[in-house]
Amino acid sequence: MFNVPWADYADDLVDGIIATLQYTVLGFVGAFILGLALALIRLSRFKVLRGLAAAYTELFKNIPLLAVIFLIYFGLATVDITLDVLSAGTLSLVAFYGAYLSEIFRSAISSVPTGQTEVSLALGFGRVSTLFSVILPQALRTALPGTNTMLVDLLKSTSLLITISAAELMTQAQLIASETFRALEVYLVIAVLYFAMCYPLSQFLLWLERRLAAGKPLGPGRRKRLQHAAALLESYSPAQKVNA
Amino acid sequence: MMTLDQPLTSAPANTGKTAISVRGLEKSYHGRPVLKGIDLDVRAGSIVTLMGKSGGGKSTLLRCLNLLEVPDTADMTVLGEQVFFSSRQVLHDLPALRRKIGMVFQKFLLFPHLTAFENITYPQTKVGGRSQAEAEERAVQLLDRVGLRHRGLAYPDQMSGGEQQRVAIARALAMNPQVLLFDEPTSALDPESTKDVLAVMKELAETGMTMVVVTHEVGFARDVSDWLVFMDQGLIAEQGDARQVLESPKNERTRAFLAA
Numbered sequence: 003m004f005n006v007p008w009a010d011y012a013d014d015l016v017d018g019i020i021a022t023l024q025y026t027v028l029g030f031v032g033a034f035i036l037g038l039a040l041a042l043i044r045l046s047r048f049k050v051l052r053g054l055a056a057a058y059t060e061l062f063k064n065i066p067l068l069a070v071i072f073l074i075y076f077g078l079a080t081v082d083i084t085l086d087v088l089s090a091g092t093l094s095l096v097a098f099y100g101a102y103l104s105e106i107f108r109s110a111i112s113s114v115p116t117g118q119t120e121v122s123l124a125l126g127f128g129r130v131s132t133l134f135s136v137i138l139p140q141a142l143r144t145a146l147p148g149t150n151t152m153l154v155d156l157l158k159s160t161s162l163l164i165t166i167s168a169a170e171l172m173t174q175a176q177l178i179a180s181e182t183f184r185a186l187e188v189y190l191v192i193a194v195l196y197f198a199m200c201y202p203l204s205q206f207l208l209w210l211e212r213r214l215a216a217g218k219p220l221g222p223g224r225r226k227r228l229q230h231a232a233a234l235l236e237s238y239s240p241a242q243k244v245n246a
Numbered sequence: 053m054m055t056l057d058q059p060l061t062s063a064p065a066n067t068g069k070t071a072i073s074v075r076g077l078e079k080s081y082h083g084r085p086v087l088k089g090i091d092l093d094v095r096a097g098s099i100v101t102l103m104g105k106s107g108g109g110k111s112t113l114l115r116c117l118n119l120l121e122v123p124d125t126a127d128m129t130v131l132g133e134q135v136f137f138s139s140r141q142v143l144h145d146l147p148a149l150r151r152k153i154g155m156v157f158q159k160f161l162l163f164p165h166l167t168a169f170e171n172i173t174y175p176q177t178k179v180g181g182r183s184q185a186e187a188e189e190r191a192v193q194l195l196d197r198v199g200l201r202h203r204g205l206a207y208p209d210q211m212s213g214g215e216q217q218r219v220a221i222a223r224a225l226a227m228n229p230q231v232l233l234f235d236e237p238t239s240a241l242d243p244e245s246t247k248d249v250l251a252v253m254k255e256l257a258e259t260g261m262t263m264v265v266v267t268h269e270v271g272f273a274r275d276v277s278d279w280l281v282f283m284d285q286g287l288i289a290e291q292g293d294a295r296q297v298l299e300s301p302k303n304e305r306t307r308a309f310l311a312a
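Protein sequence lines correspond, in order, to chains A and B.
Residues 3 to 246 (this note's numbering) make up the first sequence, in order.
Residues 53 to 312 (this note's numbering) make up the second sequence, in order.
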């Protein structure tokens, strides 16, 4: 059964994996920013913008990703907007997943109790710093599970970019299969490669969620500060301070 | 647990000056009047208690004092500054004003994703203009003062209500406010936690902090506060020296409330 000379295709596979990861990272970062912007607009007091953002979200949530890809790559070309494959592919993923992420972010931001805004204002935070320093850090924790699901989903969806020959893993697979006529073997291997990327990613994200839920510091900066705090709390003595 | 060898805060000891002055404050929600013309003076260093039935406008009045609620009309001076001009035009730098007026809420409202210690340091470094080291020193000091130094690394959901409220008081104090507002600080607490929180508030009162307290705790009003304001249906029914009002209330509604 295993007759494909994989060693000859190693470079193609590596290229495919790199391209897949590249689309994933670019698409996700863009979708994250777009999603957050849309969510904030939808929660703002600007009625017209709110309506536009809602319309955008509904539009892209109800069109298949494949149709979005075709519209952006082939459709726009007919009106003389020609995008290269990388731009068109990334843009499609951003446009599509931005809509989904905006829904996740919007509900997460709404789920932070209004009391948190009030107490921040009362402490002297401005409107903007309340949003970015108090509300969003809490909202993003709530949004994490949904966001993680979207990230893994986005990675898998890069395979649809085969339709515009994006040179990602699925495109490479098709090339190898057409050269070797070993479709079962080739696509099995490709499925394993996707699994090998997605499974560790989702496990890592789950681990992240659990750590955050348990209140463990994620970055070295906060870990250090908390260790320092523990030492300060342990060693403090009010009497010492008076004498000093 | 708490000693007075060092004051909890650097609250100004100058009593007598007016910290907050309110004249003719009116506020309505959707056409329903909640406050119908309030005149109130809070002297610096005094403890003012707001009492009355629920829905009488106490909390709304308190929230107007740091402009969390915007009055419809009022003549308001806070810490020597006119802060309210019209419902469309309030003081431009509200955050700066609010840093001078701390507020403690019924529901504590600690930041749930941060430890007690970080709850106290975070606002100081974010908007209080302090360095991390300064903020940390202040946090340890204040946690010790409210008797919770051993709970510094606990998260809010790991603390009892009383502990959370004491951390919330420490967090408010960390910004060095000149006035502290309390919105029913013990209403969500069991009797024992209530005692702990009231003890912290009492010590605070003894340091000369200006405090405005919405509460149902008659004991606190009698033993700690100087001035009692009794509110009813959006108006001040009666106000005066706390002990006098409690012992011989003149207003019929005050009498009915206190007899209940």
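Quick reminder that beta carbons are idealized off the backbone N, C-alpha and C, glycines included.
Next on the checklist: Given a cut-off of 9 Å on the beta-carbon distance, is the pair residue 189 of chain B and residue 103 of chain A in contact?
Outcome noted: Taking the first residue of the second sequence as position 1, residue 189 of chain B is located at position 137. Taking the first residue of the first sequence as position 1, residue 103 of chain A is located at position 101. Result no, Cβ atoms of residue 189 of chain B and residue 103 of chain A do not sit closer than 9 Å.
Checklist entry - Which chain A residues are close to residue 204 of chain B, counting only those with a beta carbon under 7 Å from its beta carbon? => result Here residue 204 of chain B refers to the residue found at position 152 when the second sequence is read from its first residue. Residue 204 of chain B reaches chain A at 231, 235, counting residues in chain order whose Cβ is nearer than 7 Å.
Checklist entry - According to DSSP, is residue 244 of chain A helix, strand or coil? => result As a position in the first sequence, residue 244 of chain A is number 242, starting the count at 1. The pLDDT assigned to residue 244 of chain A is 44, lower than 50, so where the model puts this residue is not dependable, and the model offers no usable value.
Item to check | Interface flag, residue 227 of chain A vs chain B, CB-CB below 9 Å | outcome: Within the first sequence, numbered from 1, the residue matching residue 227 of chain A stands at position 225. With 9 Å as the cut-off, residue 227 of chain A counts as an interface residue toward chain B.
Next on the checklist: Quick check on the DSSP output: the beta strand (DSSP E) that includes residue 76 of chain B runs from which residue to which?
Outcome noted: In the second sequence, counting from the first residue as 1, residue 76 of chain B sits at position 24. Counted as a single uninterrupted DSSP element, the beta strand (DSSP E) harbouring residue 76 of chain B occupies residues 70 to 81.
Checklist entry - Taking only beta-carbon atoms, is residue 203 of chain A less than 9 Å away from chain B? => result Here residue 203 of chain A is taken as the residue at index 201 of the first sequence, counted from 1. Not closer than 9 Å to any Cβ of chain B, the Cβ of residue 203 of chain A fails to qualify, so no.
Next on the checklist: When you compare the CB positions of residue 254 of chain B and residue 276 of chain B, do they come within less than 9 Å of one another, or not?
Outcome noted: On the second sequence, residue 254 of chain B is found 202 positions in, with the first residue counted as 1. On the second sequence, residue 276 of chain B is found 224 positions in, with the first residue counted as 1. A contact, by the Cβ cut-off of 9 Å.
Item to check | Run of the beta strand (DSSP E) containing residue 85 of chain B, from where it starts to where it stops | outcome: For this step, residue 85 of chain B is matched to residue 33 along the second sequence. Unbroken beta strand (DSSP E) run through residue 85 of chain B: 84 to 95.
Item to check | Secondary structure of residue 239 of chain A, DSSP reduced to three states | outcome: Position 237 of the first sequence, counting from 1, holds the residue named residue 239 of chain A. Note: residue 239 of chain A maps to coil in three-state DSSP.
Checklist entry - In terms of DSSP beta bridges, what is residue 134 of chain B paired with? => result As a working mapping, residue 134 of chain B is identified with position 82 in the second sequence. Bridge partners of residue 134 of chain B: B/129.
Item to check | CB contact check: residue 120 of chain A to chain B, cutoff 9 Å | outcome: Locating residue 120 of chain A in the first sequence gives position 118, where the first residue counts as 1. Interface residue, yes.
Checklist entry - Are residue 238 of chain B and residue 267 of chain B touching if we call contact CB-CB under 9 Å? => result As a first step, residue 238 of chain B is located in the second sequence; it is residue number 186 there, counting from the start. As a first step, residue 267 of chain B is located in the second sequence; it is residue number 215 there, counting from the start. Yes; because the gap between Cβ atoms is below 9 Å, this pair is in contact.
Item to check | Bounding residues of the beta strand (DSSP E) (the contiguous stretch that carries residue 246 of chain B) | outcome: Residue numbering aside, residue 246 of chain B sits at position 194 when the second sequence is read from its first letter. Element bounds for residue 246 of chain B: not the beta strand (DSSP E) but the alpha helix (DSSP H), 243 to 258.
Item to check | Three-state secondary structure (DSSP) of residue 54 of chain B | outcome: By one-based count along the second sequence, residue 54 of chain B stands at place 2. Note that residue 54 of chain B scores 43 on pLDDT, short of 50, meaning its location in the model is unreliable and no value can be drawn from it.
Checklist entry - If residue 102 of chain B sits next to residue 265 of chain B, beta carbons under 8 Å apart, how far is it from one beta carbon to the other, in whole angstroms? => result Here residue 102 of chain B refers to the residue found at position 50 of the second sequence. Here residue 265 of chain B refers to the residue found at position 213 of the second sequence. About 7 Å separates the two Cβ atoms, so the contact holds.
Item to check | Ranges of the alpha helix (DSSP H) found wholly within the segment 183 to 220 of chain B, counting only runs of at least 4 | outcome: 184 to 197
Checklist entry - Do we get a CB-CB distance below 9 Å when we pair residue 234 of chain B with the residues of chain A? => result Counted from its first residue, the second sequence places residue 234 of chain B at position 182. With 9 Å as the cut-off, residue 234 of chain B does not count as an interface residue toward chain A.
Next on the checklist: On the criterion of 16 or more Cβ atoms from any shown chain inside 10 Å, does residue 309 of chain B qualify as buried, or is it exposed?
Outcome noted: Locating residue 309 of chain B in the second sequence gives position 257, where the first residue counts as 1. By the 10 Å Cβ count, residue 309 of chain B comes out buried.
Item to check | Assigned exposure category for residue 82 of chain A - 16 Cβ within 10 Å defines buried | outcome: Numbered from 1 along the first sequence, position 80 holds the residue referred to as residue 82 of chain A. When all chains shown are included, residue 82 of chain A counts as exposed.
Checklist entry - Hey, quick one: how far does the alpha helix (DSSP H) through residue 276 of chain B stretch, first residue to last? => result Locating residue 276 of chain B in the second sequence gives position 224, counting from the first residue. No alpha helix (DSSP H) holds residue 276 of chain B; DSSP gives it neither H nor E.
Item to check | Proximity winner among B/178, B/168, B/210, B/207, relative to residue 191 of chain B (alpha-carbon distances) | outcome: Here residue 191 of chain B refers to the residue found at position 139 when the second sequence is read from its first residue. When each option's Cα is compared against that of residue 191 of chain B, the closest is B/168.
Item to check | Buried or exposed by the 16-neighbour rule on C-beta atoms within 10 Å, applied to residue 288 of chain B | outcome: Locating residue 288 of chain B in the second sequence gives position 236, where the first residue counts as 1. Its Cβ being crowded by 16 or more others within 10 Å, residue 288 of chain B is buried.
Checklist entry - Quick one: is residue 57 of chain B near chain A, going by C-beta distance under 9 Å? => result Here the question's residue 57 of chain B lines up with position 5 in the second sequence. Unreliable placement is indicated for residue 57 of chain B, whose pLDDT of 42 sits below 50; the coordinate value is still reported in the next sentence. By this cut-off, residue 57 of chain B is an interface position.
Item to check | Sequence ranges, alpha helix (DSSP H) only - wholly within the segment 112 to 163 of chain A, length at least 4 | outcome: With a minimum length of 4 residues, the continuous alpha helix (DSSP H) runs that stay inside the segment 112 to 163 of chain A are 116 to 125, 138 to 159.
Checklist entry - How big is the Cα-Cα spacing for residue 1 of chain A and residue 201 of chain B? => result In the structure as shown, chain A starts at 3 and stops at 246, and residue 1 of chain A therefore has no counterpart that could be examined.
Item to check | Buried or exposed (CB count within 10 angstroms, at least 16 for buried), residue 114 of chain B | outcome: For the purposes of this step, residue 114 of chain B is taken as the residue at position 62 of the second sequence. Per the 10 Å Cβ criterion, buried.
Next on the checklist: What are the residues in the segment 98 to 119 of chain B lying within 8 Å of chain A by C-beta distance?
Outcome noted: Cβ contacts with chain A: 118.
Checklist entry - Does any CB atom of chain A fall closer than 9 Å to the CB of residue 207 of chain B? => result Walking along the second sequence from the start, residue 207 of chain B turns up at place 155. So yes, residue 207 of chain B belongs to the interface.
Next on the checklist: Against residue 211 of chain B, what residues of chain A qualify as contacts under a CB-to-CB distance less than 8 Å, listed in chain order?
Outcome noted: Numbered from 1 along the second sequence, position 159 holds the residue referred to as residue 211 of chain B. Within 8 Å of the CB of residue 211 of chain B, no CB atom of chain A is found; the nearest one sits about 12 Å away.
Checklist entry - Do you know offhand how far residue 5 of chain A's Cα is from residue 80 of chain A's? => result Counted from its first residue, the first sequence places residue 5 of chain A at position 3. Counted from its first residue, the first sequence places residue 80 of chain A at position 78. Each residue's alpha carbon lies about 43 Å from the other.
Checklist entry - If we cut at 9 Å on Cβ distances, does residue 248 of chain A have a partner in chain B? => result Residue 248 of chain A cannot be examined here, being either before or after the span of chain A that is shown, 3 to 246.
Next on the checklist: Can you pull the chain B neighbours of residue 30 of chain A, defined as C-beta to C-beta under 7 Å?
Outcome noted: For the purposes of this step, residue 30 of chain A is taken as residue 28 along the first sequence, with counting starting at 1. Per Cβ cutoff of 7 Å: no residues; residue 30 of chain A is ~23 Å from chain B at best.
Next on the checklist: Please state whether the Cβ-Cβ distance between residue 104 of chain B and residue 284 of chain B is less than 9 Å.
Outcome noted: Sequence index remark: in the second sequence, residue 104 of chain B carries index 52 (1-based). Sequence index remark: in the second sequence, residue 284 of chain B carries index 232 (1-based). The answer is yes: Cβ separation under 9 Å.
Item to check | Three CB pairs or more closer than 8 Å across the segment 192 to 201 of chain A and the segment 215 to 231 of chain A | outcome: no
Checklist entry - Touch check for the segment 153 to 161 of chain B and the segment 226 to 235 of chain B: three-plus C-beta pairs under 8 Å? => result yes
Item to check | Euclidean distance between Cα positions of residue 304 of chain B and residue 274 of chain B | outcome: If you number the second sequence from 1, residue 304 of chain B lands on position 252. If you number the second sequence from 1, residue 274 of chain B lands on position 222. Their Cα atoms are separated by approximately 19 Å.
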